[in-house]
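Data block below; observations after.
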Amino acid sequence: RAEAAPALADVGRRRDALARRRDGLTGLAQLARTAARVTTTLQEAEAERADCHTAAETAAAREREAELAVAGVESALAEAEATLRRLHLARSQDVRALRAELREGEPCPVCGADHHPFADRAAEQALARLDAEQEERVSTLRTERTAGIEARAGQRTARKAALDRAAALDRRIATLTAERAETAERWTASAADEGLPPEPWSDGAADAVAARLATVEAELEEVARDEAAALDRQARLDR
């Protein structure tokens, strides 16, 4: 009875208090990990959303450029096709027959001009060459127009995809923000009693919880030794 040993009831009360504190700190540690994960994911989502908006703006600018390019090509194509039609008309059978009857210095029955530069065979060959060149130009412009339309459609698709992704990220960010707010609310309810930072995602919050947990675990080990000593003493007294 004279041995120095802790009272078993006191040891039990201390053990229960430390166990409750350990459980609370374990929950806080989980909240700190969740807050860190959510914060990192939220920052990544916000950065990706900003990139999506930038990509959408770039695609929109390129779409406008493609639109202007298509308009320019279509204007040039319309002019080239009109010229080609005039060349075809100039080389048609009736017009060739009319040219064959033209005499230098005599008025043309169609236009009234007395100078006829395309009346001879050399002029006919030159006209044929111009016709072929114009055919090639029209074909080139049509190819450019098709490529421009496809480029414009591609940029429009890219812009829509970027905006759709940004909208999806808006919803994701809203969910993460709500989860982070809920985590912060649960943290605040218990963190003040432990002298922890006000926000679970603060630098050092997780380390502070870990340090307190380590202290509690060490105290629980000490209590376990005291309880073992108290139980041994009680058993010897009973014997």
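Each residue of the sequence shown is one higher than the one before, counting from 288 in our numbering. Note that beta-carbon positions come from the ideal geometry of N, C-alpha and C, so glycine has one too. All values derive from a computational prediction rather than experimental measurement.
Using a threshold of 8 Å, state whether the C-beta atoms of residue i and residue j are closer than that.
i: L463; j: A332; result: yes
i: V298; j: E514; result: yes
i: A289; j: W488; result: no
i: R432; j: V360; result: yes
i: A454; j: A353; result: no
i: A358; j: A493; result: no
i: V503; j: R302; result: no
i: A369; j: Q421; result: no
i: R467; j: L329; result: yes
Decide if residue i is buried, meaning its Cβ has at least 16 other Cβ atoms within 10 Å, or exposed.
i: A348; result: exposed
i: P485; result: exposed
i: G491; result: exposed
i: L312; result: buried
i: E423; result: exposed
i: T470; result: buried
i: L524; result: exposed
i: G435; result: buried
i: R372; result: exposed
i: A478; result: buried
i: L355; result: exposed
Along the alpha helix (DSSP H) that carries residue i, what are the first and last residues, could you check?
i: R523; result: A492 to D525
Which same chain residues end up closer than 7 Å to residue i when comparing Cβ atoms and leaving out the 5 residues on each side of it in sequence?
i: E335; result: L456
i: R473; result: L318
Whose C-beta lies closer than 8 Å to the C-beta of residue i among residues of the same chain, with five residues either side of it excluded?
i: A346; result: Q442, R443, A445, R446 and A449
i: L295; result: E514, A517, L518 and Q521
i: R307; result: none
i: A316; result: A493, V496, A497 and L500
i: R459; result: A332
i: D381; result: Only weak support exists for where D381 lies, its pLDDT of 48 falling under 50; the value from the coordinates is given anyway. Excluding positions up to five away in sequence, the list is empty.
i: E350; result: R439, Q442, R443 and R446
i: V425; result: L364, A367, E368 and L371
Can you list, in chain order, the residues of its chain with a C-beta nearer than 6 Å to that of residue i? Leave out the 5 residues immediately preceding and following it.
i: T475; result: none
i: A342; result: A449
i: A363; result: L428
i: C339; result: A449, R452 and A453
i: A292; result: A516, A517 and R520
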